[in-house]
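Just below is one structure, and these are the notes that go with it.
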Amino acid sequence: MRDAVAALVRDGDTVVIEGFTHLICFAAGHEIIRQRRRDLTLCRLTPDLIYDQMIAAGCARKLVFSWAGNPGAGSLHAFRRAVEKGEPPLELEEYSHFGMVARLSAGAARLPFWTLRDYMGTDLPVANPRIRRVTCPYTGEVLATVPALNPDVTIVHAQRADAQGNAQIWGLLGVQKEAALASERVIVVVEELVDQSVIRADPNRTMIPGLAVDAVVVEPWGAHPSYAQGYYDRDNDFYIGWEATSRDASSLTRYLEEFVFGVRNRAEYVERCGGLERLRASSRVCAGVNYGY
Amino acid sequence: MTYSPAEMMATVAARELRDGEVVFVGIGLPNLACNLARATHAPRLVLIYESGAVGAEPERLPVSIGDPSLVTGSLMVCGMADVFQFLLQNGRIEVGFLGGAQIDRFGNINTTVVGSYQHPTVRLPGSGGAAEIAIHARRTIVISRLSRRAFPEAVDFITSPGHRMRGRTRSELGMPGAGPVRVITDKGILEADEDTGELVLASLYPGVTADEVRAAVGWPLRCRGTALGVEPPGEPELRLLREVLDPDGLYLRS
Numbered sequence: 003m004r005d006a007v008a009a010l011v012r013d014g015d016t017v018v019i020e021g022f023t024h025l026i027c028f029a030a031g032h033e034i035i036r037q038r039r040r041d042l043t044l045c046r047l048t049p050d051l052i053y054d055q056m057i058a059a060g061c062a063r064k065l066v067f068s069w070a071g072n073p074g075a076g077s078l079h080a081f082r083r084a085v086e087k088g089e090p091p092l093e094l095e096e097y098s099h100f101g102m103v104a105r106l107s108a109g110a111a112r113l114p115f116w117t118l119r120d121y122m123g124t125d126l127p128v129a130n131p132r133i134r135r136v137t138c139p140y141t142g143e144v145l146a147t148v149p150a151l152n153p154d155v156t157i158v159h160a161q162r163a164d165a166q167g168n169a170q171i172w173g174l175l176g177v178q179k180e181a182a183l184a185s186e187r188v189i190v191v192v193e194e195l196v197d198q199s200v201i202r203a204d205p206n207r208t209m210i211p212g213l214a215v216d217a218v219v220v221e222p223w224g225a226h227p228s229y230a231q232g233y234y235d236r237d238n239d240f241y242i243g244w245e246a247t248s249r250d251a252s253s254l255t256r257y258l259e260e261f262v263f264g265v266r267n268r269a270e271y272v273e274r275c276g277g278l279e280r281l282r283a284s285s286r287v288c289a290g291v292n293y294g295y
Numbered sequence: 117m118t119y120s121p122a123e124m125m126a127t128v129a130a131r132e133l134r135d136g137e138v139v140f141v142g143i144g145l146p147n148l149a150c151n152l153a154r155a156t157h158a159p160r161l162v163l164i165y166e167s168g169a170v171g172a173e174p175e176r177l178p179v180s181i182g183d184p185s186l187v188t189g190s191l192m193v194c195g196m197a198d199v200f201q202f203l204l205q206n207g208r209i210e211v212g213f214l215g216g217a218q219i220d221r222f223g224n225i226n227t228t229v230v231g232s233y234q235h236p237t238v239r240l241p242g243s244g245g246a247a248e249i250a251i252h253a254r255r256t257i258v259i260s261r262l263s264r265r266a267f268p269e270a271v272d273f274i275t276s277p278g279h280r281m282r283g284r285t286r287s288e289l290g291m292p293g294a295g296p297v298r299v300i301t302d303k304g305i306l307e308a309d310e311d312t313g314e315l316v317l318a319s320l321y322p323g324v325t326a327d328e329v330r331a332a333v334g335w336p337l338r339c340r341g342t343a344l345g346v347e348p349p350g351e352p353e354l355r356l357l358r359e360v361l362d363p364d365g366l367y368l369r370s
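Order-wise, the sequence lines are chains A and B.
For the first sequence, our numbering begins at 3 and goes up steadily by one.
For the second sequence, our numbering begins at 117 and goes up steadily by one.
Listed below in C-alpha cells is the structure:
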C-alpha cells in the first residue's frame, strides 16, 4: 500500500475512493493521510468517515459529493467544522446521488457530460452552477446536465483479484466500475489475491478488468469499519462512536495519532483495534452456475 | 396497549402502502413501515434501496442504507447507475419515502443547510437520492415530527421539490411524479391540497386537537372540513414492531 500510494497519489490530485457503505477502502485513506498528501480534491457520493478523517488531517482542498452524513449514526463533524467555521477551509461542489453517478458514467464513457431528468424545482443548480441544462435535439425536452468526472486516481476495494487486477466484487456494487473506468490511474485493493483461474471460472463477477488497473494491493480488513460482503460485517459500533470521536477536534486528532499515524500499516491497525474477528462474516455461499456450452 | 409516537408513525406509514407496490425505502421509520406492511397486509411489497438492493428481505434491522443484510436473499443487486437511471428515472418506483430537517407549506424539503448556502449555521448532509426521488417517484410520503422549526412557511433551501417551487408548479416544471401527497407527523397527517398544493390538516391522532397541530406549524394551517380520526396501532402491529422488527427499540422508543 505504501508503494502504491507513493507512486500513484500525488499532491493536488482529484481522488476517488468509492464504495457505497460497502467496501470503502479505509486502508488507502489512512496511507494517504500518513504520507501527508495535500490539496486533494476528494470525490465520493458519501464522504463517510474516511473523508471526514482526511479532511481533519488536512489532505483536502475541495470536496465533491452528494450526501455528507454518518450513515445511520449522525453527522460528519470534521466536514461540518470545515463548512460551518472554515476550520480548515474546504471548497464544496455538491450534487445529488444521481448527479454524481451520472458524472462518473460520463467520465467512464469519455463523454463531456451526461443528461438526466432531474433538478427542476430544486436549489441545487443555484448552489452549483456546474449543473446546467440542454435541449434535446430530438424531442425538444429540456434536460439537466452534469459534467464528466475523470479522476486522476481511483481506489477501489474488492473482495478478490488476480495479480493483474481483474477484480471481482459481489454485494452492493455502488459506482466502482464507473469510477475506475473514468480514472487516469486505478489502485485495486483486495481482501484476497487469487489465481487467475478463480477469476476465469466466474467471469460475470468481474467488475473491473485488469487492463484498467495500475496496482493491486492485498490488504485484509482494509475496508474496516465499513464491510466486505462474505468477509466481515460493518462495524456499526465504530460508526456510532464516531459521533463522539469527531464532535471534538482534539479527540479526532487523538484518534488519528493513535490509529493512523501511530501504526505503520494495516496489520498494525487491526492489532491496535484489538483484532476484528468479532466481525467475521457468517457463511451464505451460493451454488454457482454452469458456464459450459 | 399504549404506544409511542414513533410506533404510531410507523403504523400509519405502513397503512399507506398497497400490496404489490414498488417502494424506494429509507433507513429508520420508512424501513420499519415497509417491513411492517410486508408482514401484515402487503406481503408482495417490493423494497428497493438506493444502494442497489431490489426485493430486499432483511433478516435484521438495517442500520444503514447499505447494510449487508439487504443483499443476502434479495431478488437482485445492481449498481447505482442502474438504480437511478433504469429504475427510478424509468418510472418504476411507485412510492418514495422522504424526511427532512425542514418541510414547508408546499411540501418542499430541505436537507442541505439551515441559513444561507454559502454561510450555513447548520450544514446538513445534502440530497443523497432525495431530489430525484421527490421528482420521479409516482408519489412520495414524508415522515417528520412536527415543530415550528421543522415546518417553516418556506424552507431555507429546496433540496427536494414539493408542489410549488418559487411560484411554479410541478407540471410547469415537467416533473413525472405526483410529489409529497402525505406528510405523516407525530400528531396527525397533512395532505397536499389538490388545487393549490398547500399542505392541509387531513387527520388527527387520538387525543390531539387541530389547534395543537396549528401551533407546531409556521403558516396558517387550513383544516380539511372532515378531518378524520386515525386508528391507533393494534396489538398485532405493536407486537411485530417491538418483538420482530425493532427489538432493541432503535427507532421506536421515542
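Just so it is clear, CB atoms sit at the ideal spot from N, CA and C, and this is done for glycine as well.
Is the Cβ-Cβ distance between B:G195 and B:A250 less than 9 angstroms? The answer is no: Cβ separation not under 9 angstroms.
Please classify A:R236 as buried or exposed, where buried requires at least 16 neighbouring CB atoms within 10 angstroms. buried
Check the Cβ-Cβ distances between A:E193 and every residue of chain B, and say whether any is below 9 angstroms. no
Chain B beta carbons: is any one of them nearer than 9 angstroms to that of A:D164? no
Below-9 angstroms beta-carbon distance, A:A104 vs any chain B residue: yes
Exposure label - A:T141; buried when at least 16 CB within 10 Å: exposed
Could you check if A:P73 belongs to the surroundings of the ligand FMN, using beta carbon to heavy atom distance under 8 angstroms? As for the ligand FMN, it is missing from this structure, which has no ligand bound.
Any chain A beta carbon closer than 9 angstroms to B:E359: Not closer than 9 angstroms to any Cβ of chain A, the Cβ of B:E359 fails to qualify, so no.
Helix, strand or coil at A:A111 according to DSSP, with G and I counted as helix: In the structure shown, A:A111 sits in a helix (DSSP, three-state: H, G or I).
Unbroken stretches of the beta strand (DSSP E), 3 residues or longer, contained in the stretch 168-237 of chain A: Entirely contained in the stretch 168-237 of chain A, the beta strand (DSSP E) runs reaching 3 residues are, in chain order, 187-195, 208-210, 217-220.
Distance between B:L366 and B:L152 (C-alpha atoms, nearest Å): 15 angstroms
For A:K64, would you say it is in contact with chain B, using Cβ-to-Cβ distances shorter than 9 angstroms as the test? no
Closer than 7 angstroms between beta carbons: that is the criterion. Which residues of the stretch 139-158 of chain B meet it against chain A? I143
Within the 9 angstroms Cβ cut-off, does B:Q218 reach chain A? Chain A contact via Cβ: absent.
Taking the alpha carbon of B:E132 as the point to measure from, which residue in B:L177, B:G212, B:R286, B:F273 has its own alpha carbon closest? B:G212
Anticipated Cβ contact below 8 angstroms, A:M102 with A:L47, distance rounded: 5 angstroms
Tell me which residue opens and which closes the beta strand (DSSP E) that B:P236 is part of. 236-239
Looking only at its own chain, which residues have a Cβ that is under 7 angstroms from the Cβ of A:R249, when we skip the five neighbours before and after it? Counting only Cβ-Cβ distances below 7 angstroms, and skipping sequence neighbours, we find H79.
Relative to chain B, which residues along the stretch 108-129 of chain A have a C-beta separation below 8 angstroms, given in chain order? L118, R119, D120, Y121, M122, G123, T124, D125, L126, V128, A129
List the residues of chain A whose Cβ lies closer than 9 angstroms to the Cβ of B:D135, in chain order. Near B:D135 there are no residues of chain A at all, since even the closest Cβ is about 27 angstroms away, more than 9 angstroms.
Take the Cβ of B:V229 as the centre, count every other Cβ of all protein chains shown within 10 Å, and call the residue buried at 16 or more, exposed below. B:V229 should be labelled buried.
Buried versus exposed call for A:Q198 [16 or more other C-beta atoms within 10 Å across all chains shown]: exposed
To the nearest angstrom, report how far apart A:Y1 and A:P227 are at their CA atoms. Limits of chain A in this structure are 3 at one end and 295 at the other, which puts residue 1 of chain A out of reach.
For A:Q170 and A:A184, which I take to be in contact (beta-carbon distance under 8 angstroms), what is that distance rounded to the nearest angstrom? The Cβ separation is near 20 angstroms, so there is no contact.
Spatial distance of B:P352 from B:T156 (CA atoms): Those two C-alpha atoms are separated by around 9 angstroms.
Please report the straight-line C-alpha distance between A:T124 and A:H24, rounded to a whole angstrom. 29 angstroms
Which of helix, strand or coil DSSP assigns to B:P352: DSSP places B:P352 in helix when its eight states are reduced to three.
Report yes or no: do the stretch 195-207 of chain B and the stretch 225-242 of chain B share at least 3 C-beta pairs separated by less than 8 angstroms? no
Nearest-angstrom Cα separation, counted from B:L354 out to B:A266: Cα to Cα, B:A266 sits roughly 27 angstroms from B:L354.
Distance between B:F200 and A:P131 (C-alpha atoms, nearest Å): 22 angstroms
Is it the case that the Cβ atoms of A:I34 and A:V17 are separated by a distance below 9 angstroms? yes
From the DSSP output, in three-state form, read off A:C275 for me. When DSSP states are grouped into helix, strand and coil, A:C275 belongs to the coil group.
Can you say whether A:R38 is buried or exposed, counting buried as having 16 or more other CB atoms within 10 angstroms of its CB? exposed
Using beta carbons (cut-off 9 angstroms, strictly below), is A:A283 in contact with chain B? yes
Taking only beta-carbon positions, decide if A:P73 is within less than 9 angstroms of chain B. So, interface residue.
Taking 8 angstroms as the threshold, find out whether the stretch 267-274 of chain A comes into contact with the stretch 85-103 of chain A through three or more Cβ pairs. no
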